[in-house]
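Colleague: Dropping a structure here in structure tokens format, bear with me for questions.
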Amino acid sequence: MAPEPIPSTLEDVIKKCQDALFVSHPDIDRANIADTKGTRAPGTCEWVLVNAECQAWLDKKFSLFWISGGPGTGKTVMSLFHSGQVEKRCRDTDDHFLFYFCRFQYESYNKPEKLLRSLTYQLLHFSTDMIKIHEVSTYLDTPEKAKIALSSPECLWKILKILLSQSGLSTIYGIIDRIDECDSSDVLVSKFRDYCTSPTGRNGPLKLALIGRDVDILGKPVQSRSRELSPAATPNTNSVEVDTVDEFQGIKLDSDHQEHINDDIATFTRWSLEPLQRIQGFGAIHSQIQKALLQRAGGTFLWVSLVILELSKKRTCLQISETAQSIPVDLYPIFGRMLHQIDPKYRHVSANIFKWLATAMRPLTLHELASAVGSGIEGMADRIAICQPLLTLDDDRVLFVHQSTREYLHRGQPDADHVAELFQRDQLSAELRSAYELFNYARWKKWVNADDIIAIPLEYAVRGGCEDAVRFLLDHGADVDGGKISASWVAAKRGAGSILQILLEYGAKITKNRLFDRSLLITAAREGFINLVQILLDHGADVNIRNDENETALILAARFAHEDLVMFLLEHGSHFDVADFRVWLRQTARILGSRWSTKVVPTLLNCVADICWGGEDGGRLLNLAPRFADCEMVAVCLTMGADVNWKHSNSRTALVEAVLGCNTLGPKASEIYVKNRPRYAYKKSPGMTVERRSAIVTFLLDHVADINLCAETYDGLLLPPLVATAIQGNT
Numbered sequence: 001m002a003p004e005p006i007p008s009t010l011e012d013v014i015k016k017c018q019d020a021l022f023v024s025h026p027d028i029d030r031a032n033i034a035d036t037k038g039t040r041a042p043g044t045c046e047w048v049l050v051n052a053e054c055q056a057w058l059d060k061k062f063s064l065f066w067i068s069g070g071p072g073t074g075k076t077v078m079s080l081f082h083s084g085q086v087e088k089r090c091r092d093t094d095d096h097f098l099f100y101f102c103r104f105q106y107e108s109y110n111k112p113e114k115l116l117r118s119l120t121y122q123l124l125h126f127s128t129d130m131i132k133i134h135e136v137s138t139y140l141d142t143p144e145k146a147k148i149a150l151s152s153p154e155c156l157w158k159i160l161k162i163l164l165s166q167s168g169l170s171t172i173y174g175i176i177d178r179i180d181e182c183d184s185s186d187v188l189v190s191k192f193r194d195y196c197t198s199p200t201g202r203n204g205p206l207k208l209a210l211i212g213r214d215v216d217i218l219g220k221p222v223q224s225r226s227r228e229l230s231p232a233a234t235p236n237t238n239s240v241e242v243d244t245v246d247e248f249q250g251i252k253l254d255s256d257h258q259e260h261i262n263d264d265i266a267t268f269t270r271w272s273l274e275p276l277q278r279i280q281g282f283g284a285i286h287s288q289i290q291k292a293l294l295q296r297a298g299g300t301f302l303w304v305s306l307v308i309l310e311l312s313k314k315r316t317c318l319q320i321s322e323t324a325q326s327i328p329v330d331l332y333p334i335f336g337r338m339l340h341q342i343d344p345k346y347r348h349v350s351a352n353i354f355k356w357l358a359t360a361m362r363p364l365t366l367h368e369l370a371s372a373v374g375s376g377i378e379g380m381a382d383r384i385a386i387c388q389p390l391l392t393l394d395d396d397r398v399l400f401v402h403q404s405t406r407e408y409l410h411r412g413q414p415d416a417d418h419v420a421e422l423f424q425r426d427q428l429s430a431e432l433r434s435a436y437e438l439f440n441y442a443r444w445k446k447w448v449n450a451d452d453i454i455a456i457p458l459e460y461a462v463r464g465g466c467e468d469a470v471r472f473l474l475d476h477g478a479d480v481d482g483g484k485i486s487a488s489w490v491a492a493k494r495g496a497g498s499i500l501q502i503l504l505e506y507g508a509k510i511t512k513n514r515l516f517d518r519s520l521l522i523t524a525a526r527e528g529f530i531n532l533v534q535i536l537l538d539h540g541a542d543v544n545i546r547n548d549e550n551e552t553a554l555i556l557a558a559r560f561a562h563e564d565l566v567m568f569l570l571e572h573g574s575h576f577d578v579a580d581f582r583v584w585l586r587q588t589a590r591i592l593g594s595r596w597s598t599k600v601v602p603t604l605l606n607c608v609a610d611i612c613w614g615g616e617d618g619g620r621l622l623n624l625a626p627r628f629a630d631c632e633m634v635a636v637c638l639t640m641g642a643d644v645n646w647k648h649s650n651s652r653t654a655l656v657e658a659v660l661g662c663n664t665l666g667p668k669a670s671e672i673y674v675k676n677r678p679r680y681a682y683k684k685s686p687g688m689t690v691e692r693r694s695a696i697v698t699f700l701l702d703h704v705a706d707i708n709l710c711a712e713t714y715d716g717l718l719l720p721p722l723v724a725t726a727i728q729g730n731t
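Now the structure itself:
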């Protein structure tokens with residue numbers, strides 16, 4: 001098909017690009033979320049705007065800001081409020097505003113392609129650089145090219161960066177809520193982090209805020225110091241100025257700002273109790289009820305919301321008082337109480353409904369759920385109504401109202417309460433039934449191999465670890481390589497060796513043209529599964545294949561400190577030369593979660609003969625070793641001639657790295673990253689104790705490390721090692 005002619009005007013080009021990129025109307029999406037969340041209690045969330053870190057971000061002192069919090073801490077309501085305030089601020093200036101809200105259980109909103117498309121679509125509204133816009137249009141100017149570009153996160157990321165490089169752009173504030181809900185969120189967050197902290201990003205227009213659970217893994221404090229302005233200098237103000245700004249600043253709601261959260265919860269509780277004034281005599285017990293709720297809230301708005309929902313069903317002050325005193329602390333007991341309140345006559349079928357929804361990888365429709373629980377479709381909507389307020393029906397899909405409810409059903413711990421235990425997900429039997437029953441329904445609906453759903457049955461069965469179901473589906477026509485995410489990739493990611501063997505027997509491809517991995521071997525090596533690597537090599541996998549970052553399986557195994565796998569790969573012909581050594585150095589330095597092994601690093605050095613110890617090779621390795629408290633490797637580097645004062649592109653020397661210790665991207669930051677990821681636990685990566693840091697600092701000083709070489713911060717301030725030590729309170 002011949003390319004369509006490029007429209008002659010800039011407006012036409014922009015419109016054509018926007019038409020191709022369009023996903024949904026951002027304003028309408030935000031309004032829908034606001035409707036779901038309900039009205040914000042007046043006076044809540046406002047403390048964020050005067051927070052020192054947030055003010056520094058708004059004042060353009062750094063490019064990346066985060067807000068992190070656990071379940072029920074009001075993050076999305078805060079995002080809605082914050083986005084409105086930032087948008088209003090931009091209207092009064094030449095600045096611009098982008099936003100995106102990922103959504104629990106709404107798969108289409110949680111794909112990185114959709115997120116990047118939406119941001120790019122919004123960015124085009126105020127794009128004016130003809131050259132950059134035409135460059136973007138070349139990716140979208142034919143249906144074939146547009147189809148490829150719009151399905152590739154890498155291509156969409158490149159398009160976004162092209163538009164951000166336009167000359168003359170004023171500041172662009174961006175807010176992404178629930179980034180942790182996004183598929184491949186680790187990859188996406190890494191891209192935003194790397195861009196915002198690169199020279200291009202630091203000097204560019206984008207000022208991005210990421211909000212969600214565990215987003216504090218981004219918080220790699222380098223050095224920071226806050227001081228109050230003197231009253232003489234700034235009369236009548238208690239504001240705090242960020243004097244030395246990190247590359248990353250953020251707000252951790254659960255711990256660092258619990259006092260503000262508690263104040264907001266008190267305001268929210270007082271406001272939410274107002275409708276109960278309709279009950280005669282409630283005014284006399286209002287303060288008593290509010291105090292009882294605040295003592296038990298545990299820092300979560302969700303707990304208060306659920307309790308007030310129950311109180312609102314009462315008709316007398318006596319009922320309200322008794323209920324307020326009897327309601328348990330914490331979310332999980334509240335969920336158990338709500339399950340108890342389901343009519344015993346409907347409890348069994350309700351338990352099956354909850355189990356199916358907790359097991360399913362995506363929300364089920366009424367028809368699917370009716371088929372799964374063996375109920376007629378006629379009464380299914382009523383059965384969902386019986387399960388309110390934990391479940392809701394939205395456009396024929398059955399959804400959990402709160403993400404925490406699904407997590408409660410997945411908790412995997414025996415429950416002393418036999419009623420609550422009845423509702424808990426029975427993993428193995430539910431997974432096997434799920435794969436079998438949903439296949440029957442899928443065959444009836446003819447989507448056993450459809451690619452427009454979040455997970456085809458085969459992938460579903462692999463995730464459940466059901467070998468019989470996998471064989472059954474493959475024997476009945478399932479495409480072994482079908483779906484947006486292949487079943488074999490899921491098996492490799494999960495370490496399911498026996499299932500991977502089955503898939504390979506049925507012809508699964510070893511090399512993939514998927515999102516971020518190009519080979520199953522790469523996936524297995526990253527996760528450290530030697531048995532899977534052996535299976536793949538036995539089936540002809542190329543031991544030296546590379547991913548998009550030019551990493552081989554050996555480089556990945558080394559970067560994640562999989563010691564046994566490193567030796568295994570070397571014994572099976574893995575190539576490793578000085579170019580590979582440099583890839584390993586670069587990736588270990590920049591990727592959050594990379595690990596260090598005192599066994600692996602010397603092994604790698606023994607494989608390479610032509611390391612430039614006096615140049616960048618030796619300097620990079622010398623800079624890395626102090627991050628991971630490897631005194632021996634520091635000594636090796638200096639013995640081999642590494643420059644003790646070599647400076648990384650971030651302006652840090654080995655001495656600065658040693659002084660900053662765990663406040664660099666080393667064990668401490670990575671421990672946060674792996675907190676909920678057990679398989680990424682450390683292998684011989686000791687923490688940066690004061691003693692080990694002191695030993696490295698002393699060793700470097702003995703080798704004439706320059707104490708006056710400074711690390712440059714984002715806003716251009718220079719920080720010598722002595723100042724860094726003082727800021728951290730070390731002596």
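Numbering-wise (the UniProt record's numbering), the sequence shown opens with residue 1 and increments by one. Using N, Cα and C, we set each Cβ at its ideal position, and we do this for glycine too. These numbers come from a predicted model, not from an experiment.
For proline 112, count the other beta carbons within 10 Å of its own beta carbon; 16 or more makes it buried, fewer makes it exposed. Which is it?
Modeller: Within the sequence shown, the letter at position 112 stands for residue 112. That one is buried.
Colleague: Thinking just about the alpha-carbon of each residue, which of Gln587, Ser165, Leu532, Thr552 is nearest to the one in glycine 573?
Modeller: The residue given as residue 573 occupies position 573 in the sequence shown. Glycine 573 has its Cα closest to that of Thr552, out of Gln587, Ser165, Leu532, Thr552.
Colleague: When you compare only the Cα positions, how much space is there between residue 779 and tyrosine 346?
Modeller: Given that the chain is displayed from residue 1 to residue 731, the structure contains no residue 779 and the question cannot be resolved.
Colleague: Reducing DSSP to helix, strand and coil, say where phenylalanine 101 ends up.
Modeller: Counting from one through the sequence shown, the residue named residue 101 turns up at place 101. Residue state, collapsed to three classes: strand.
Colleague: With a threshold of 6 Å (Cβ to nearest heavy atom), would tyrosine 100 be considered close to the ligand SAH?
Modeller: Among the ligands in the structure shown, none appear at all, so the ligand SAH cannot be discussed.
Colleague: Spatial neighbours of threonine 120 within its chain, please: CB distance less than 6 Å, with the 5 preceding and 5 following residues excluded, ordered by chain position.
Modeller: On the sequence shown, position 120 is the one that residue 120 refers to. Result list for threonine 120: Leu21, Ile159, Leu160, in chain order.
Colleague: Near asparagine 623, which residues of its chain fall below 8 Å by C-beta distance, leaving aside the five closest residues on each side in sequence?
Modeller: In the sequence shown, residue 623 corresponds to position 623, counting from 1. The residues are Ala589, Trp646, His648, Arg652, Thr653, Ala654, Glu657.
Colleague: Using a Cβ-Cβ cutoff of less than 6 Å, which residues in the same chain neighbour glycine 43 once the five nearest sequence positions on both sides are dropped?
Modeller: For the purposes of this step, residue 43 is identified with residue 43 of the sequence shown, where counting begins at 1. Excluding residues within five positions, the ones whose Cβ falls inside 6 Å are Thr267.
Colleague: I think aspartate 129 touches serine 167, with their Cβ atoms under 8 Å apart; what is that distance to the nearest whole Å?
Modeller: In the sequence shown, counting from the first residue as 1, residue 129 sits at position 129. In the sequence shown, counting from the first residue as 1, residue 167 sits at position 167. Confirmed, Cβ separation roughly 6 Å.
Colleague: On the three-pair Cβ rule with 8 Å, is the segment 186-194 touching the segment 81-93?
Modeller: Result no; under three Cβ-Cβ pairs closer than 8 Å.
Colleague: Below 8 Å, how does it come out for the segment 63-80 and the segment 249-262: are there three or more Cβ pairs, yes or no?
Modeller: These segments touch.
Colleague: For histidine 257 and proline 71, what's the separation of their Cα atoms in angstroms?
Modeller: Counting from one through the sequence shown, the residue named residue 257 turns up at place 257. Counting from one through the sequence shown, the residue named residue 71 turns up at place 71. Distance between the alpha carbons of histidine 257 and proline 71: 15 Å.
Colleague: Inspect the CB distances between the segment 171-184 and the segment 98-112 and report whether three or more fall short of 8 Å.
Modeller: Segments in contact, yes.
Colleague: Using 7 Å as the threshold, is the C-beta distance between valine 304 and threonine 269 below it?
Modeller: The count along the sequence shown starts at 1 and reaches residue 304 at position 304. The count along the sequence shown starts at 1 and reaches residue 269 at position 269. Their beta carbons are under 7 Å apart, which means valine 304 touches threonine 269 by this criterion.
Colleague: To test your reading of the DSSP string, which unbroken beta strand (DSSP E) runs of 3 or more residues are found completely within the segment 305-354?
Modeller: Here no run is fully enclosed.
Colleague: Assuming aspartate 395 is part of the alpha helix (DSSP H), what are its boundary residues?
Modeller: For the purposes of this step, residue 395 is taken as the residue at position 395 of the sequence shown. Aspartate 395 -> no alpha helix (DSSP H), and no H or E assigned at all.
Colleague: What number of angstroms, rounded off, separates the C-alpha of lysine 15 from the C-alpha of threonine 197?
Modeller: Counting from one through the sequence shown, the residue named residue 15 turns up at place 15. Counting from one through the sequence shown, the residue named residue 197 turns up at place 197. In a straight line, the C-alpha of lysine 15 is about 31 Å away from that of threonine 197.
Colleague: Where does isoleucine 175 sit, in a helix, a strand or coil, going by DSSP?
Modeller: Taking the first residue of the sequence shown as 1, we reach residue 175 at position 175. Of the three classes helix, strand and coil, the one that applies to isoleucine 175 here is strand, per DSSP.
Colleague: With DSSP as the reference, label serine 272 as helix, strand or coil.
Modeller: Within the sequence shown, residue 272 is the residue found at index 272, counting from 1. DSSP places serine 272 in helix when its eight states are reduced to three.
Colleague: What is the DSSP secondary structure of arginine 546, reduced to helix, strand or coil?
Modeller: As a position in the sequence shown, residue 546 is number 546, starting the count at 1. Three-state DSSP puts arginine 546 in a strand.
Colleague: Assign cysteine 612 to one of two classes, buried (16 or more other C-beta atoms within 10 Å of its C-beta) or exposed (fewer than that).
Modeller: Here residue 612 is taken as the residue at index 612 of the sequence shown, counted from 1. So cysteine 612 ends up on the exposed side.
Colleague: Look up histidine 134 in the DSSP assignment and say whether it is helix, strand or coil.
Modeller: Stepping through the sequence shown from its first residue, residue 134 is reached at position 134. Histidine 134: helix per DSSP, three-state reduction.
Colleague: Measure the C-alpha to C-alpha separation of aspartate 19 and valine 86 and round it to an integer number of angstroms.
Modeller: Looking up residue 19 in the sequence shown gives position 19. Looking up residue 86 in the sequence shown gives position 86. Looking at the two C-alpha atoms, the distance is approximately 27 Å.
Colleague: Look at the Cβ atom of valine 600, then the Cβ atom of alanine 561, and state whether they are nearer than 7 Å.
Modeller: Residue mapping note: residue 600 aligns to position 600 of the sequence shown, counting from 1. Residue mapping note: residue 561 aligns to position 561 of the sequence shown, counting from 1. Yes, the Cβ-Cβ distance between valine 600 and alanine 561 is below 7 Å.
Colleague: For the candidate residues Ser594, Ser519, Gly376, whose alpha-carbon lies nearest to that of arginine 627?
Modeller: The count along the sequence shown starts at 1 and reaches residue 627 at position 627. Here the closest residue by C-alpha is Ser594.
Colleague: Contact check, leucine 536 vs isoleucine 499 under 8 Å by CB: the rounded distance?
Modeller: Taking the sequence shown and counting its residues from 1, the one referred to as residue 536 is at position 536. Taking the sequence shown and counting its residues from 1, the one referred to as residue 499 is at position 499. Their Cβ separation, rounded to whole angstroms, is 13 Å, which puts leucine 536 and isoleucine 499 out of contact at 8 Å.
Colleague: Measure the alpha-carbon distance for isoleucine 696 versus aspartate 702 and round it to whole angstroms.
Modeller: Within the sequence shown, residue 696 is the residue found at index 696, counting from 1. Within the sequence shown, residue 702 is the residue found at index 702, counting from 1. If you take the alpha carbons of isoleucine 696 and aspartate 702, they lie about 10 Å apart.
Colleague: Can you confirm whether the segment 26-43 touches the segment 146-155 when touching is taken to mean that 3 or more C-beta pairs between the two stretches lie within less than 8 Å?
Modeller: In short, these stretches do not touch, since the Cβ pair count stays below three.
Colleague: Name the two residues that bound the continuous beta strand (DSSP E) containing phenylalanine 65.
Modeller: Position 65 of the sequence shown, counting from 1, holds the residue named residue 65. Its beta strand (DSSP E) spans residues 64-68.
Colleague: Going by the CB atoms, is the gap between asparagine 544 and valine 583 shorter than 7 Å?
Modeller: As a first step, residue 583 is located in the sequence shown; it is residue number 583 there, counting from the start. As a first step, residue 544 is located in the sequence shown; it is residue number 544 there, counting from the start. Taking 7 Å as the Cβ cut-off, valine 583 and asparagine 544 do not qualify as a contacting pair.
Colleague: So is lysine 291 buried or exposed if we call it buried at 16+ other beta carbons inside 10 Å?
Modeller: Working through the sequence shown from its first residue, we reach residue 291 at position 291. It is exposed - the Cβ of lysine 291 has fewer than 16 other Cβ atoms within 10 Å.
Colleague: With a CB to CB cut of under 6 Å and the five nearest residues on each side skipped, what residues in its chain are close to methionine 380?
Modeller: As a working note, residue 380 is residue 380 in the sequence shown. So the list reads Leu366, Ala370, once near-sequence residues are dropped.
Colleague: Taking C-alpha atoms, which residue in Ser184, Gly201, Ile175, Ser185 lies nearest to leucine 210?
Modeller: The count along the sequence shown starts at 1 and reaches residue 210 at position 210. Considering only alpha carbons, the answer is Ile175.
Colleague: Grouping DSSP H, G and I as helix and E and B as strand, with all else coil, what is glutamate 519?
Modeller: Reading the sequence shown from its first residue, position 519 is the one you call residue 519. The question names glutamate, yet the displayed sequence has serine at residue 519. Three-state result, serine 519: strand.
Colleague: Look at the alpha carbon of aspartate 610 and the alpha carbon of histidine 539, and state the distance between them as a whole number of angstroms.
Modeller: Position 610 of the sequence shown, counted from the start, is the residue given in the question as residue 610. Position 539 of the sequence shown, counted from the start, is the residue given in the question as residue 539. Rounded to whole angstroms, aspartate 610 to histidine 539 spans 34 Å at the Cα level.
Colleague: Helix or strand or just coil, what does DSSP make of leucine 169?
Modeller: Your numbering for residue 169 matches position 169 in the sequence shown. The answer is coil: DSSP assigns leucine 169 none of H, G, I, E or B.
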